[in-house]
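Quick note on my numbering: the sequence shown kicks off at 226 and runs consecutively.
Glycine included, C-beta positions come from ideal geometry on N, C-alpha and C.
This structure is a prediction, so every number in the text was calculated from the model and none was measured.
Right, one structure below, let's go through it.
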Amino acid sequence: NKWQLYKIGRFCDAVDENGYFEGVTDGRGGKEPRFSSNIVFNKGQKIFDAITTIAALFRGRVFFGNSEINFVDDRPRAAVNIFTNESVKDGLFFYSNNRRDEQYNCIEVGFRDRFDNFVPKVEVVEDEDNIKEKGIFKKKIEGVGITSRAMARRLAQHQIFSKIKENQMVAFTAGLETLLCQPGDLVFIEDELKTNLANFGKVLAVDLSAETIRVSNTFVDAKM
Numbered sequence: 226n227k228w229q230l231y232k233i234g235r236f237c238d239a240v241d242e243n244g245y246f247e248g249v250t251d252g253r254g255g256k257e258p259r260f261s262s263n264i265v266f267n268k269g270q271k272i273f274d275a276i277t278t279i280a281a282l283f284r285g286r287v288f289f290g291n292s293e294i295n296f297v298d299d300r301p302r303a304a305v306n307i308f309t310n311e312s313v314k315d316g317l318f319f320y321s322n323n324r325r326d327e328q329y330n331c332i333e334v335g336f337r338d339r340f341d342n343f344v345p346k347v348e349v350v351e352d353e354d355n356i357k358e359k360g361i362f363k364k365k366i367e368g369v370g371i372t373s374r375a376m377a378r379r380l381a382q383h384q385i386f387s388k389i390k391e392n393q394m395v396a397f398t399a400g401l402e403t404l405l406c407q408p409g410d411l412v413f414i415e416d417e418l419k420t421n422l423a424n425f426g427k428v429l430a431v432d433l434s435a436e437t438i439r440v441s442n443t444f445v446d447a448k449m
C-alpha cells in the first residue's frame, strides 16, 4: 500500500502540510528528520525480515490484508470506533498489566554516531521519578540503522513512556464492527464495570419521519 508508505514517509521526514521541512532537534543545535535509516544488509536475509527491520526504525509494523502488504506507524491519529459493554460478548472486557520487571525505567540504546566516524556509542535515558519510586529496571536495545544520538534518545524515551504509562492491555470479543478496524487503529472503550459510568446504548429503533432514534439507555451529551 504505497499511500500508507507516503503518509508514513512524510511523518518520518518531519515536514509540514505543504511538504516543507520542519525537522526535530538533532541535539546539536540543528534539525534532522524524525526517523532516518543508515543500514546495510550484507548477509543473505529474507526480504520480509528486512522490511520488518526497516519498519521497526519508525516504530512501524507490517501486516498482510486486502491482498496487499500494509504498513502502520505510531503517529497521532483519530479513533475509528467505539466498543462498549453493549457491543462485546457477555458485556465483558478483560484487562491485564505488564509484569513489573517489564516496566523499564532505564533504557540503554546502542548506536553508531555519524558525527564521530560512526563509532559505536550508547545513549542512556532514565525516568528518575519512577526510579525513586520503584527502583531501577534496565533494558538494553541495539539501535540497528540509527546513526544519531538524538534519534536514539527519542527511541529510548518512547520505550520508557510506553512501558510505564501504557502498561495495560485489554481483550474482548466483538461482532462485525471489528471489520472496520485494522492493526494500528485507535478505538474508544467505554466499560461501565470499570468506570461506573454508563453513557451509551444500542440503537433500538429509527424513526425517519420524526428524525429520532431510540436507544437502550439515557444519553447525556455533556458527559461525552
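| Asked | Found |
| --- | --- |
| Selected residue, minimal CA-CA separation from F397, among R325, D326 and D315 | D315 |
| Selection from G426, F444, A447 and I438 that minimises the alpha carbon distance to E311 | G426 |
| Three-state secondary structure (DSSP) of Q393 | strand |
| Rounded separation between I217 and D341 - CA only | Residue 217 lies beyond the stretch modelled for the chain, which goes from 226 to 449, so this question has no answer here. |
| Closer than 9 Å to chain C by CB, V297 | Checking the listed chains, one finds no chain C in this structure; it contains a single protein chain. |
| Secondary structure of N310, DSSP reduced to three states | helix |
| Buried/exposed call for D416, threshold 16 Cβ in 10 Å | buried |
| Own chain, CB closer than 6 Å to F413, minus 5 neighbours either side, in chain order | A304 and I307 |
| Assigned exposure category for V313 - 16 Cβ within 10 Å defines buried | buried |
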